[in-house]
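These notes concern the structure reproduced below.
Numbering (full-length UniProt numbering), first residue to last: 1 to 532.
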């Protein structure tokens, strides 16, 4: 019986070998034929190699960069990271809230069991279902910062060479359009459109339109054959829009892993304003750490708030330092200590969070009065120092601030709103007319998990989110008191004084001065003028 089995196996092996030898030439010929057809379809250059072509190896002539249109895949040819989870988590957390973010986190492992197309559809449904379209500004106010921090420098160099650029993305257009058009100067964005019912997203995406029809509508039939493609090797045939390119430049996975992150000074447009609560890139593991930290963060926030509100400075400061809060104080003026001669001093600060005046007060080890505008009543009631609300009426505000100065020290933030990035907004010159006793104060802060500012969220939670950070840090620098030669009493205009103080603070912090205002910030981030 065993002998018959061995004979049967031998005959089967012989027949299989003969069959492979007989059909292999035909199979090889067919495969080579398919490869040639693909080569003709994509019109590769004769010396094409499946890797990123260096700038000196471009087959395009310099003049072609002005006439040809580059079609590139955003996630595969521009972004360094291959994971899309952080961007969906930002949408879920910032636009939908904590519960939706938890739901996305729990559903993501299940979504990973499916193909990329199905996975994106699941994540889109969880993130966008029930979100009002008019109020969904995450794509312009939150996501651009995180997209820019993930742009590969080498990929950006390729995209930058072409005057006309078309970005193709697997993500919804509402997520990538603001980043590509506002910050990279991409002319056309082809993403996935979300379905809307009664002004709300339903969490479903429309099917892609025919690529030839879309390109014909955008650039015209006569320009379709002047397209140049840029993509990764792994997604060569994934986008049908690339099938219309006369040549395609590819980057291998190995080469892409060596890409550098695009430096901030290379951004086509400066990133000055951005919104959102999360101060870190919410990868899956980092998001898990955040969820585990939130209960401890809430407890720590309560302890820190109670200590700052109820305890004297000599007791509160060591307790706050023990809880992980750090404050660095440097001073070059004698008025920065607790001397009684400090009465009537105007401390002019840049604006980082609502806690700026409180940190100045703790650095001085004495109470001061803070001038505020457009903050919540809750923040005013919980403030451990006295506050005075501005009404944007120049005469009334000026007389009110002079009266406050006659009673003691005053802290004012002429920017009128916070700025997270290393820039200073235009200083309102009102403070320059009040007194000559002006001390500029340079402030900076660090938050590792949550931002303590927002343009579109509830402002009453701003200080609480900052206090929830594991190790929040503040730097308070008291600069030299403004000399008499740079004050209004010596003939300087109030605008000159304001600009001089802005420049002094910016140089001390290593920041850059701008002429942008509160109104421009809120129009970009929230679509309003920032009036409460």
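Glycine included, each C-beta is placed from N, C-alpha and C at the ideal position.
N- and C-terminal bounds of the alpha helix (DSSP H) containing residue i
i: residue 533; result: Nothing about residue 533 can be read from this structure; the chain reaches only from 1 to 532.
i: residue 413; result: Taken as a continuous stretch (DSSP letters only), residue 413 belongs to no alpha helix (DSSP H), as it is neither H nor E.
i: residue 127; result: 116-128
i: residue 173; result: 173-178
i: residue 200; result: Note, residue 200: premise wrong, no alpha helix (DSSP H); beta strand (DSSP E) at 200-205.
i: residue 138; result: 138-141
i: residue 100; result: 98-111
i: residue 317; result: 313-322
i: residue 90; result: 85-91
i: residue 388; result: Not the alpha helix (DSSP H): residue 388 falls in the beta strand (DSSP E), residues 386-389.
i: residue 359; result: 356-364
Terminal residues of the beta strand (DSSP E) in which residue i lies
i: residue 151; result: Run containing residue 151: none; DSSP gives neither H nor E here.
i: residue 448; result: It is not in any beta strand (DSSP E) - residue 448 carries neither H nor E in the DSSP assignment.
i: residue 379; result: Run containing residue 379: none in the beta strand (DSSP E); it sits in the alpha helix (DSSP H), 377-382.
i: residue 370; result: 369-372
i: residue 394; result: Segment 394-407 is the alpha helix (DSSP H) holding residue 394; no beta strand (DSSP E) there.
i: residue 476; result: 473-478
i: residue 72; result: 69-73
i: residue 329; result: 326-331
Of the listed residues the options, nearest to residue i (C-alpha basis)
i: residue 165; options: 228, 176 and 286; result: 228
i: residue 462; options: 450, 271, 386 and 473; result: 450
i: residue 232; options: 350, 250 and 204; result: 250
i: residue 133; options: 405, 196 and 494; result: 196
i: residue 263; options: 88, 298, 150 and 90; result: 150
i: residue 514; options: 526, 499 and 525; result: 499
i: residue 326; options: 101, 447, 198 and 188; result: 447
i: residue 369; options: 84, 109, 72 and 359; result: 359
i: residue 83; options: 417, 120, 356 and 398; result: 120
i: residue 129; options: 92, 114, 106 and 116; result: 92
i: residue 528; options: 285, 81, 137 and 181; result: 137
i: residue 244; options: 69, 483 and 525; result: 69
i: residue 318; options: 265, 75, 102 and 365; result: 365
i: residue 482; options: 384, 406, 377 and 441; result: 441
i: residue 287; options: 523, 487 and 88; result: 88
8 Å contact criterion, which residue i and residue j should meet: CB distance rounded
i: residue 511; j: residue 422; result: 5 Å
i: residue 308; j: residue 316; result: 6 Å
i: residue 415; j: residue 427; result: 6 Å
i: residue 516; j: residue 381; result: Actually they are not in contact, since the Cβ atoms of residue 516 and residue 381 sit about 31 Å apart, beyond 8 Å.
i: residue 123; j: residue 104; result: 7 Å
i: residue 478; j: residue 472; result: Their Cβ separation, rounded to whole angstroms, is 20 Å, which puts residue 478 and residue 472 out of contact at 8 Å.
i: residue 131; j: residue 95; result: 5 Å
i: residue 125; j: residue 90; result: Actually they do not touch by this definition, with Cβ atoms about 16 Å apart.
i: residue 274; j: residue 420; result: 7 Å
i: residue 191; j: residue 172; result: 6 Å
i: residue 139; j: residue 178; result: 5 Å
i: residue 443; j: residue 476; result: 6 Å
Environment of residue i [buried if 16+ CB atoms lie within 10 Å]
i: residue 435; result: buried
i: residue 167; result: buried
i: residue 533; result: Absent from the model: residue 533. The displayed extent of the chain is 1 to 532, so no value can be given.
i: residue 206; result: exposed
i: residue 302; result: exposed
i: residue 50; result: Summary for residue 50: the model assigns pLDDT 30, below 50, so the residue's position carries little reliability; its value from the coordinates is reported in the next sentence. Residue 50 comes out exposed.
i: residue 350; result: buried
i: residue 347; result: buried
i: residue 183; result: buried
i: residue 312; result: exposed
i: residue 277; result: buried
i: residue 474; result: buried
i: residue 393; result: exposed
Simplified DSSP state of residue i, which is helix, strand or coil
i: residue 526; result: coil
i: residue 227; result: strand
i: residue 440; result: strand
i: residue 511; result: coil
i: residue 167; result: strand
i: residue 505; result: helix
i: residue 521; result: helix
i: residue 186; result: coil
i: residue 249; result: strand
i: residue 349; result: strand
i: residue 482; result: coil
i: residue 197; result: strand
i: residue 261; result: strand
i: residue 458; result: coil
i: residue 132; result: strand
i: residue 47; result: Residue confidence is low: residue 47 scores 37 on pLDDT, short of 50, so the model does not pin down where it sits. No coordinate-derived value is stated.
i: residue 494; result: helix
i: residue 567; result: The displayed coordinates of the chain run from 1 to 532. Any statement about residue 567 would go beyond what the structure contains.
i: residue 424; result: strand
i: residue 17; result: Because the pLDDT at residue 17 is just 49, under 50, the model does not fix this residue reliably, and the value given afterwards should be weighed accordingly. Correct three-state label for residue 17: helix.
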